[in-house]
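Asker: Have a look at this one before I ask anything.
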Amino acid sequence: MEKQVIPQITITRMQIGEFEVPVPHGLNELLNAAGAWGKPQKEKPSFLKDYHRKVEMRDGRIFTVLTKKRKGLNYDTSYF
C-alpha cells in the first residue's frame with residue numbers, strides 16, 4: 110500500500126480585499142493538521158450571487174460590505 114503524501118503548506122502573507130493582514134500565529138499548523146487544503150471552488154456559493162461584495166477599512170478595522178442586488182435603487186447592506 111502506497112503512503113499518501115499530505116502537502117505541508119506555509120502561509121507567508123494574507124490579504125482581505127486590497128488590505129494586507131498579518132498571518133495569525135499557529136494558522137499554518139492548524140490548517141495542515143486539519144487537512145484543510147483542497148482544490149478551489151470554481152463558482153461562488155449560490156447565496157453570494159445575490160450580493161455585491163466590497164472590502165473597506167475604517168478606523169484600522171477591515172469590514173466586508175455585502176449589498177443585496179435588487180432591481181431599482183433600493184439596496185440592503187450588511188457589514189461583517
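Residue numbers (the numbering used here): 110 to 189. Where is the CB? At the ideal position from N, CA and C, for every residue including glycine.
#1: Roughly how many angstroms lie between the CA atoms of Phe156 and Ala145, to the nearest whole one?
#2: Quick one: give me the first and last residue of the alpha helix (DSSP H) that Glu127 is part of.
#3: What are the residues that DSSP puts in a beta bridge with His161?
#4: Pull up the distance between the alpha-carbon of Lys177 and that of Pro154, whole angstroms please.
#5: Start and end of the alpha helix (DSSP H) containing Glu138?
#6: Taking the alpha-carbon positions, what's the Glu129 to Val164 distance?
#7: Measuring straight from C-alpha to C-alpha, what distance separates Ile118 and Gly135?
Answerer: So, from the data block:
#1: Taking the straight line joining both Cα atoms gives about 22 angstroms.
#2: Per DSSP, Glu127 lies in no alpha helix (DSSP H) segment and is marked neither H nor E.
#3: Thr176.
#4: Whole-angstrom Cα-Cα distance: 15 angstroms.
#5: Counting along the chain, Glu138 sits inside the alpha helix (DSSP H) bounded by residues Leu136 to Ala143.
#6: Glu129 and Val164: Cα-Cα distance of roughly 12 angstroms.
#7: As the crow flies, the alpha-carbon of Ile118 is around 12 angstroms from that of Gly135.
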